[in-house]
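Right, one structure below, let's go through it.
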Amino acid sequence: MRLRLTPRDTPFFDLLADSAANLVMGANLLAELLGADRQTRKAINKKLSLAEQVGDEATHTIMRRLNKTFVTPFDRDDIYNLASALDDCMDNMEEAGDLIVLYKLDELPARVSEQIQVLQRCAELTADAMPRLRSMSDLGEYWVEVNRLENQADKAHRKLLAQMFDEITDPIQLMKLKEVVEKLEDSVDAFEKVANTVETIAVKES
Amino acid sequence: MRLRLTPRDTPFFDLLADSAANLVMGANLLAELLGADRQTRKAINKKLSLAEQVGDEATHTIMRRLNKTFVTPFDRDDIYNLASALDDCMDNMEEAGDLIVLYKLDELPARVSEQIQVLQRCAELTADAMPRLRSMSDLGEYWVEVNRLENQADKAHRKLLAQMFDEITDPIQLMKLKEVVEKLEDSVDAFEKVANTVETIAVKES
Amino acid sequence: MRLRLTPRDTPFFDLLADSAANLVMGANLLAELLGADRQTRKAINKKLSLAEQVGDEATHTIMRRLNKTFVTPFDRDDIYNLASALDDCMDNMEEAGDLIVLYKLDELPARVSEQIQVLQRCAELTADAMPRLRSMSDLGEYWVEVNRLENQADKAHRKLLAQMFDEITDPIQLMKLKEVVEKLEDSVDAFEKVANTVETIAVKES
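Chains as they are written, first to last, in the working numbering: chain A, 1 to 206; chain B, 1001 to 1206; chain C, 2001 to 2206.
This is the structure:
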């Protein structure tokens, strides 16, 4: 156990929790977008784009404070990595939504909605865990569960790719769908990276 | 404001400025290559490849010095990140040029030349900013402008992709063009990463 | 030369060596998989998947110890980067093998076996070098050779891509093969990253 001379009452905890709460909104908008018709999708996509901008601003606020603060609640690099990883989750989800609209993908494989359900679950778990960074309590279940979800999603993703290659005969349609599906997989990976960063922090503090 | 006990007169500033100046040459060669016929392209591509090797050597010089120097003008990791990010700009531009030649892409969408113009502007801004790291003066405009350019390029890139998917009916041609266009987009992203690293350094020093 | 107050007798050296030895098995399984018929490939792919899980576990062990250990044999971040880079080598090789099986790629371009031979050589060099981290002796040849192999593989990779685009007329087949070939190229890049991290450590210690 290392010596703790660091403050527990800093704005970093609130800022990280805000950033994670924003991800729940992002994942829910993505689920809504998937279920909507082409016209409604455009409107939902705009909301998703706005949520991404809010996330960007939150990340910048954390980075600026981080660079100006001498004593941080845990390793400076870990806060930096955590804020970057949270930002990546939103960037990937927003790009997936944008591609669905840009490529006019009216029909998506059924398993895409499973990918998005995993993202919603990851976002909820993450938003739920962030406030517990302050007390460093009960974080183990969170990162174990996100790692489990990511492993499961990775296996499902590869099967989905193989299935798409078997069933879709139009190569251009296949290219479009593949890009969306991979962007969703990148989003799940980004949530896993958040969880791994939290684990790193928690182990150091234990 | 943190205490400054670090030297202002170190080779790192010159090395980083050299590395950035090399990027201007890289971006200009890429613009030249785009406007040339197939035979001339090969010759220009060789020059681009040489410029990339010069960049590699510069990066290695910075890394070796960094690992051997005890007191650095700013955080060791920040210099490392800056040198790596500058290197990534060149690697991506060189790969884009090489793909254009390898895939014998005689005709490229008009918007590709806009992408390359953005790269030229980013390279100039970066080469212009690097020498100002020494005094840490007037860097704000640089990173704000590069971030603005990257945002604009990202939007243009997505529209270009959607347009390509609408208009190009030969899937293999589409795959080739998509790869080039994405490599150019990666190049812009790499310039943004340079700017973000400079911002990090500047905020710490302010 | 920096002051050395760090222990030479820590479990980190053994753990990193184990992780690298596992890569030799991974690269050999990949070579075996390539030469096998479709049915045997499935069985070999399962072994490769198990080797990847063993690698994951080794990485987690290193990370946990790293976060709990106050004095490490060299920079904490360097050990972290080294363990991550070793893990990336295996992840990429396992994914390449899995794609070959999932996409039912009975025939692969002849140059793919050259890519895998490079991976086998990189894995051997890496496994051979890791135990020498303890004494920091004779590491230069290792990283120079891996960098040389990566440069050569990069050039061969681009030529292979151009050749595939010239010769394969079925775009869906081309997409599948391209993904495998790129995953193998990512594997070589991951080995180069390991070598670069070792160089960083060695230069600091010299």
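We put the CB at the ideal spot given by N, CA and C, even for glycine.
Can you have a look at residue i and say buried or exposed, based on whether 16 or more other CB atoms are within 10 angstroms of its CB?
i, result
"V1071 (chain B)", "exposed"
"S1113 (chain B)", "exposed"
"A190 (chain A)", "buried"
"D37 (chain A)", "exposed"
"S19 (chain A)", "buried"
"M2001 (chain C)", "Low per-residue confidence applies at M2001 (chain C): pLDDT is 44, beneath 50, and the placement is therefore not dependable, though the value from the model is reported in the following sentence. Classification for M2001 (chain C): exposed."
"A2043 (chain C)", "exposed"
"P11 (chain A)", "exposed"
"T169 (chain A)", "exposed"
"G1097 (chain B)", "buried"
"D151 (chain A)", "For the sequence presented, residue 151 (chain A) should be read as Asn rather than Asp. Flag for N151 (chain A) reads exposed."
"D166 (chain A)", "exposed"
"S2088 (chain C)", "Here residue 2088 (chain C) turns out to be Asp, not Ser, going by the sequence shown. By the neighbour-count rule (16 or more Cβ atoms within 10 Å), D2088 (chain C) is buried."
"G2140 (chain C)", "exposed"
For residue i, collect the residues of the same chain with a Cβ closer than 8 angstroms to its Cβ; drop the 5 residues on either side in sequence, then sort them by chain order.
i, result
"E95 (chain A)", "K183"
"M2164 (chain C)", "P2109, L2174, L2177, K2178, V2181"
"V2146 (chain C)", "C2122, L2125, T2126, F2191, E2192, V2194, A2195"
"N1022 (chain B)", "A1051, V1054, G1055, A1058, M1090"
"A1153 (chain B)", "Q1115, V1118, E1185, V1188"
"D1075 (chain B)", "I1201, K1204"
"R1065 (chain B)", "P1011, F1012, L1015"
How close, in whole Å, do the beta carbons of residue i and residue j come, if the pair is a contact with beta carbons under 8 angstroms?
i, j, result
"L1119 (chain B)", "V1188 (chain B)", "6 angstroms"
"K971 (chain B)", "N67 (chain A)", "The question about residue 971 (chain B) has no answer here: the residues shown for chain B are numbered 1001 through 1206."
"M93 (chain A)", "G35 (chain A)", "Actually they are not in contact, since the Cβ atoms of M93 (chain A) and G35 (chain A) sit about 16 angstroms apart, beyond 8 angstroms."
"R121 (chain A)", "L160 (chain A)", "Actually they are not in contact, since the Cβ atoms of R121 (chain A) and L160 (chain A) sit about 18 angstroms apart, beyond 8 angstroms."
"L2210 (chain C)", "M2130 (chain C)", "Only positions 2001 to 2206 of chain C appear in the structure, and residue 2210 (chain C) is not among them; the question remains open."
"K2047 (chain C)", "L2030 (chain C)", "The Cβ separation is near 10 angstroms, so there is no contact."
"P171 (chain A)", "P1171 (chain B)", "4 angstroms"
Starting from residue i and walking both ways along the alpha helix (DSSP H), at which residues does that stretch end?
i, result
"E2107 (chain C)", "No alpha helix (DSSP H) contains E2107 (chain C), which DSSP labels as neither H nor E."
"P1171 (chain B)", "1171-1205"
"T2059 (chain C)", "2038-2068"
"D2166 (chain C)", "2140-2167"
"M2025 (chain C)", "2011-2035"
If you drop the 5 nearest sequence neighbours on each side, which residues of the same chain put their C-beta closer than 6 angstroms to that of residue i?
i, result
"A1083 (chain B)", "T1059, I1062"
"H157 (chain A)", "E185"
"R111 (chain A)", "L160"
"E1032 (chain B)", "I1044"
I'd like the list of long-range same chain contacts for residue i, defined as Cβ closer than 7 angstroms, with 5 residues on each side in sequence excluded.
i, result
"D91 (chain A)", "E52"
"T1040 (chain B)", "none"
"V2024 (chain C)", "A2123, E2124, A2127"
"T2197 (chain C)", "D2078, N2081, L2082, A2085"
"E2199 (chain C)", "W2143"
"L1099 (chain B)", "E1179, V1180, K1183"
"D138 (chain A)", "R132"
"V1101 (chain B)", "R1041, K1042, N1045"
"D2106 (chain C)", "R2038"
"T2069 (chain C)", "none"
Can you tell me whether residue i sits near the ligand SAH, meaning its C-beta is under 8 angstroms from at least one heavy atom of the ligand?
i, result
"E2167 (chain C)", "The model depicted lacks the ligand SAH and carries no ligand whatsoever."
Are the C-beta of residue i and some C-beta of chain F separated by less than 9 angstroms?
i, result
"R132 (chain A)", "Absence of chain F from the displayed structure is noted, the protein chains being A, B and C."
Listed in chain order, which residues of the segment 1144-1174 of chain B have Cβ atoms closer than 7 angstroms to some Cβ of chain C? Taking 7 angstroms as the upper bound on Cβ-Cβ separation, chain C lies near residues P1171, I1172 of the segment 1144-1174 of chain B.
Near-chain B residues of the segment 78-98 of chain A (beta-carbon distance less than 9 angstroms), N- to C-terminal order: Across the segment 78-98 of chain A, CB contacts with chain B closer than 9 angstroms involve Y80, E95, D98, in sequence order along the chain.
Short of 9 angstroms Cβ to Cβ, which residues in the segment 2171-2200 of chain C face chain B? Residues P2171, I2172, L2174, M2175, K2178, N2196, E2199, T2200.
Which residues, in order along the segment 19-46 of chain A, keep a beta-carbon less than 9 angstroms from a beta-carbon of chain B? Here the close residues number zero.
At a CB distance below 7 angstroms, what residues from the segment 100-113 of chain A approach chain B? Give them in sequence order. If the cut-off is 7 angstroms between Cβ atoms, the segment 100-113 of chain A has L102, Y103 near chain B.
Between the segment 1053-1070 of chain B and chain C, which residues of the former have a C-beta closer than 8 angstroms to a C-beta of the latter? Listed in sequence order: M1063, R1064, N1067, K1068, F1070.
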